[in-house]
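Residue numbers (the UniProt record's numbering): 1 to 115.
Each residue gets a CB set at the ideal place from its N, CA and C atoms; glycine is no exception.
The structure under discussion appears below in the form of structure tokens.
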């Protein structure tokens, strides 16, 4: 999550529909958020888990809490390159008509998000 300054992340999380933080005692080990109309559409963003906690169901728990926050909604997301399998294990499917308009197109292409 080092792509933006802390204040930018803070504002994004404050403006989100659902925010989930995962802790090990008082240590923040993961988080995720969604934006939604609360009726039928939602999008998941910024799911991140510390490397040493990956593979221990922390990410799964974060995503499940988000999904349960608006269970009637359809969800979309874009996964970090290489993390698609994680979401497929949670029953997410690749969509054929997904499009994106990135303000930092070259950076997103270099990171593997676009063709």
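Taking the Cβ atoms as the reference, residue 46 lies roughly 6 Å from residue 32, within the contact range of under 8 Å. Contact holds between the segment 76–88 and the segment 40–55, because three or more Cβ pairs, one in each stretch, are under 8 Å apart. With contacts defined by Cβ atoms closer than 8 Å, residue 43 and residue 34 form a contacting pair. Comparing C-alpha distances from residue 24 to each of 36, 52, 39 and 12 shows the shortest one belongs to 52. By a beta-carbon distance limit of 8 Å, residue 17 contacts residue 38. Their separation comes to about 6 Å. Looking only at 75, 94, 73 and 74, the smallest Cα-Cα distance to residue 83 is reached by 94. DSSP places residue 36 in the uninterrupted beta strand (DSSP E) bounded by 27–36. Straight-line spacing of the CA atoms in residue 26 and residue 20 works out to 15 Å. Taking every protein chain shown into account, the CB of residue 66 has 16 or more other CB atoms within 10 angstroms, so this residue is buried.
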